[in-house]
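*Asks:* Here it is: the structure, laid out below.
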Amino acid sequence: MTDDRGIIKVGRWNPLPIHFLTDAPEATVADMLLEVYHMVTLRIQLQSFSKLEDLPCEQWNHATVRNALKELLKEMNQSTLAKECPLSQSMISSIVNSSYYANVSTAKCQEFGRWYKKYKKIKGELFSKQWTNFLQCSYIEQWF
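Mapping the sequence shown onto our numbering, position 47 (from 1) lands on 57, and the numbers just tick up by one.
Laid out in structure tokens, this is it:
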């Protein structure tokens, strides 16, 4: 665990980087948490730092769809999203609000992945055009 980075969060305590708890790379969770290890449920959360739109459609699954939906719902509500994407509002709600696996087929995950990639590309191009127009207007205003 020498090059790995992680945190441990117990209940409502603030998260602590693992290297605050031990310097020993072979330390177990029990070694790190000492007397409280038997009262703690270990939850491992893997995070990927690559963009979802870079992930091939064949690799999209329930977890990637859920992450993408959570991201999109920061920009719009469920009914607006349901009108744009290939998932129904009830399916969006089920995927996002449920901690259990919603019944989403592999084909549906891949279809959503294709839509998401296209959506992000169009959104990126639109943002780029708007930014270019803004810069051009700012440049023109400097002349007057």
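Glycine residues also receive a C-beta, built at the ideal position from the N, C-alpha and C atoms.
Remember, it's a predicted structure, so these values are computed and weren't measured experimentally.
1. In terms of residues, what are the limits of the alpha helix (DSSP H) holding residue 76?
2. Starting from the Cα of residue 231, find the closest Cα among 17, 22, 21 and give me that residue.
3. Report the partner residues of residue 27 according to the DSSP bridge assignment.
4. Would the beta-carbon of residue 62 fall within 8 Å of that of residue 129?
5. What number of angstroms, rounded off, separates the C-alpha of residue 49 from the C-alpha of residue 23?
6. Mind checking whether residue 74 and residue 65 have CB atoms under 8 Å apart?
*Replies:* Let's see:
1. If you look at residue 76, you'll find it in the alpha helix (DSSP H) that goes 72–82.
2. Residue numbering for the chain in the displayed model covers 11 to 154; residue 231 lies beyond these limits and cannot be assessed.
3. 17
4. no
5. 14 Å
6. yes
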